[in-house]
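Below: one structure, written as structure tokens.
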Amino acid sequence: MKTELITTMVSLVILVHFTTTTISSTTTLPSWIISFLPISLAMAAAAVTLPFAITTLHARTSRNNNGAAAAAIPGPRGWPLVGSLPAVWGPLMHRRLAALADAHGARRLMSLTLGATPVVISSHPETAREILSGAAFVDRPPKAAARELMFSRAIGFAPGAEGAGDYWRRLRRVAGAGMLSPRRLAALGPLRRRVADAMVARVAAAGQIGEVVAMRGLLQRASLESMAGSVLGLEGGAVSEELGEMVREGYELVGAFNLGDHYHTTMWGPLMDLWGVGPACRGLAARVRGYFGKIIEERSLAGNCHERDDLLSYMLGLPEDEKLEDSDVIAVLWEMIFRGVDVVAILLEWTMARITLHPDIQFKAHKEIDAVVGSHRITDADIPNLHFLQCIVKETLRMHPPGPLLSWARLAVHDARVGKHIVPAGTTAMVNMWAISHDKTIWGDPWVFRPERFREQDVNILGSDLRLAPFGSGRRVCSGRMMGLSTVQLWLGRLLQEYEWLPAKPIKLAESLRLSMEMKNPLVCRAVRRGEAA
Ligand code: HEM
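Read in order, the letters of the sequence shown are residues 1359 to 1892 in the numbering used here.
Here is the structure:
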């Protein structure tokens, strides 16, 4: 504790001394301004630094309920003002955090500060379970871009703590009943099949004119059509370019680095949005409101909600005493589309990259489809019998989880015990699922893509087994996990049933973590209709 306070204070003195001597020697400012500078700079720096220093100290040496000091949480000390932000931030943050946890012997729990934000990170299934299922970690830490884009009104960012969580629970229930429940998911099966047909037709069209297939564009288009159909009941030509553009723009903005997010515990946070993410989000939010508002108005005027089968119609058809405000309806519609589109396309792109890279695995998958499905087009009903295909998706989720740090972290609403440590209220808690799913003490040959491992041991990936929980776990587990998984499995099956996939250029598996972890170099393939010579 002493060392950290001293480091902080020394850096304050150096910072103030350096700044004021530089200014006084190079400017002609009046002397009274120069004499005030050290004080105001010291106050500014203290306002930024001290909360961070104090919260770090608190995080490291908190006391338990009996007053006994809990074990200090290991982790890097970090720099004054910025903490460990420069050391870990970037497109490979999950890997850097894993390396740091190893270096500090802190896989179970590591403490560090990012900017002024105290953070703990678990890279171990046991502590991951305590965090994700613990009653304390039910909120999300503030993120300006997401708040501006209305997510603070929607499911993902609404507070989930006892008492404050009624709103969150209500929205989750509505989205479940209107779109994500098993019954609704089954009802939306024909839509997913139509979208798959359209996707296969696009691949065929590219083949006829001798073009290679740019997988990212193909999969994003399919994903957008599927979500627009499920959420808004729009299909084919009715799915406008504008919707796709808004999703892409939102993805860029929420995934962009915003320094202010790491200083939200200080008064300087809002001033640190150096790249103007906030204003850009406000502009996009206005467009989103206009776009969805118009659709809601048209649907209300048409008055045919009870004949339709989409989330919007379900929400508009709710009985008067259960009706949601228009702003909440818009937030949920937008959130579903925004969340669903990219992550499904990203997971499928990784899966197709693996299939293309490993012809032996592709051969086995073809054989299974031929044996189990025969000549009819794959439907959802075939998926439970396509065990190897399911193993391929699981292995892709293990090696390339779209949310390696589980996308959006959790925030402790009160002090909580994790392992032998006490994590104070206000701490951001993260789970490094990528580190867990690459841990050689858990997974044999973790760097080898081997779907068969899931034939040897059955691992439930929906949140009950923390060795592989790519959809999170506990109360805030991904509410769209069944929809995401069903879509990916069905479309993978269709793409494999119709085609043999070959690389159009060397496949690189480099990662880039923004909002989700995507392939750094988009995948480009050649598709050869099965049965035809390559
Ligand atoms: C393959 C696809 C997907 C993956 C890998 C994925 C992953 C995740 C993860 C890791 C979380 C955080 C969970 C936690 O904190 O424990 C999450 C939350 C969430 N996901 Fe997904 N997701 C996928 C598809 C979808 C789809 C298709 C939808 C909706 C259409 C969706 C909607 C949500 C929502 C609403 C939350 C916030 C839940 C809450 O805070 O209560 N996800 N997802």
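C-beta: ideal position from N, C-alpha, C; glycine also.
Examine ligand 1 and report whether any of its heavy atoms sits within less than 6 Å of the Cβ of residue 1490.
As a first step, residue 1490 is located in the sequence shown; it is residue number 132 there, counting from the start. At least one heavy atom of ligand 1 is found less than 6 Å from the C-beta of residue 1490.
Using a Cβ distance threshold of 8 Å, determine whether the stretch 1461-1474 contacts the stretch 1428-1441, with at least three qualifying pairs required.
Contact between the stretch 1461-1474 and the stretch 1428-1441 is present, because at least three Cβ pairs lie under 8 Å.
Give a single yes or no on whether residue 1309 has its beta carbon closer than 6 Å to a heavy atom of ligand 1.
No answer is possible for residue 1309: it lies beyond the span of the chain, which begins at 1359 and ends at 1892.
Which same chain residues, not among the five before or five after residue 1743, have their C-beta less than 6 Å away from its C-beta?
For the purposes of this step, residue 1743 is taken as residue 385 along the sequence shown, with counting starting at 1. 1730.
Which word fits residue 1553, buried or exposed, when buried means at least 16 other C-beta atoms lie within 10 angstroms of its C-beta?
What you label residue 1553 is simply residue 195 of the sequence shown in a count that begins at 1. Looking at its Cβ environment, which holds 16 or more other Cβ atoms inside 10 Å, residue 1553 is buried.
Give a yes or no on whether the C-beta atoms belonging to residue 1704 and residue 1581 are separated by under 7 Å.
On the sequence shown, position 346 is the one that residue 1704 refers to. On the sequence shown, position 223 is the one that residue 1581 refers to. Contact flag unset, no.
Any heavy atom of ligand 1 closer than 6 Å to the Cβ of residue 1834?
The count along the sequence shown starts at 1 and reaches residue 1834 at position 476. Using a cutoff of 6 Å, the CB of residue 1834 counts as near ligand 1, since one of the ligand's heavy atoms is closer than that.
Straight-line Cα distance separating residue 1820 from residue 1732:
Numbered from its first residue, the sequence shown carries residue 1732 at position 374. Numbered from its first residue, the sequence shown carries residue 1820 at position 462. Those two C-alpha atoms are separated by around 29 Å.
Would you call residue 1806 buried or exposed, if buried means 16 or more other Cβ atoms sit within 10 Å of its Cβ?
Counting from one through the sequence shown, the residue named residue 1806 turns up at place 448. It counts as exposed.
Please specify which runs of the alpha helix (DSSP H), each continuous and at least 4 residues long, are wholly inside the stretch 1424-1487, giving them in chain order.
Counting only runs of 4 or more, we get 1443-1446, 1451-1461.
Residue(s) in a DSSP beta bridge with residue 1789:
Residue mapping note: residue 1789 aligns to position 431 of the sequence shown, counting from 1. According to DSSP, residue 1789 bridges with 1480.
If I measure Cβ to Cβ from residue 1570 and keep anything under 6 Å in the same chain, skipping five residues before and after, which residues do I get?
Looking up residue 1570 in the sequence shown gives position 212. Taking C-beta separations shorter than 6 Å and ignoring five residues to either side along the sequence, the partners of residue 1570 in its chain run 1862, 1882, 1884, following chain order.
Considering only C-alpha positions, which residue in the set 1555, 1573, 1544, 1516 is nearest to residue 1879?
For the purposes of this step, residue 1879 is taken as the residue at position 521 of the sequence shown. When each option's Cα is compared against that of residue 1879, the closest is 1573.
May I ask you to report which of helix, strand or coil DSSP gives residue 1816?
Translated into positions along the sequence shown, residue 1816 becomes position 458. It is coil, neither helix nor strand.
Taking C-beta to C-beta, are residue 1524 and residue 1771 nearer than 7 Å?
As a working mapping, residue 1524 is identified with position 166 in the sequence shown. As a working mapping, residue 1771 is identified with position 413 in the sequence shown. Taking 7 Å as the cut-off, the Cβ atoms of residue 1524 and residue 1771 do not count as close.
Going by CA-CA distance only, name the one from 1815, 1760, 1646, 1521 that's closest to residue 1836.
Taking the sequence shown and counting its residues from 1, one reaches residue 1836 at position 478. Nearest to residue 1836 by alpha-carbon distance, out of 1815, 1760, 1646, 1521, is 1760.
Shorter than 7 Å from the beta carbon of residue 1554 to some beta carbon of chain C?
The structure shown contains no chain C; it holds only a single protein chain.
Measure how close the beta-carbons of residue 1597 and residue 1852 come, nearest whole angstrom, since I'm counting them as under 8 Å.
Stepping through the sequence shown from its first residue, residue 1597 is reached at position 239. Stepping through the sequence shown from its first residue, residue 1852 is reached at position 494. Contact between residue 1597 and residue 1852 fails: their C-beta atoms lie close to 19 Å from each other, not under 8 Å.
Range of the contiguous alpha helix (DSSP H) that encloses residue 1713
Against the sequence shown, residue 1713 aligns to sequence position 355. Start and end: 1684-1715.
To the nearest angstrom, how far is it from the Cα of residue 1676 to the Cα of residue 1669?
Within the sequence shown, the letter at position 318 stands for residue 1676. Within the sequence shown, the letter at position 311 stands for residue 1669. Annotation: residue 1676 to residue 1669 spans about 11 Å, alpha carbon to alpha carbon.
List the whole-angstrom C-beta distance separating residue 1663 from residue 1507, where the pair is believed to meet the contact cut-off of C-beta under 8 Å.
By one-based count along the sequence shown, residue 1663 stands at place 305. By one-based count along the sequence shown, residue 1507 stands at place 149. About 26 Å separates the beta carbons of residue 1663 and residue 1507, which is beyond the 8 Å limit, so they are not a contact pair.
Is it right to say residue 1858 is buried, meaning 16 or more other beta carbons lie within 10 angstroms of its own, or is it exposed?
Looking up residue 1858 in the sequence shown gives position 500. Buried, by the Cβ-count rule.
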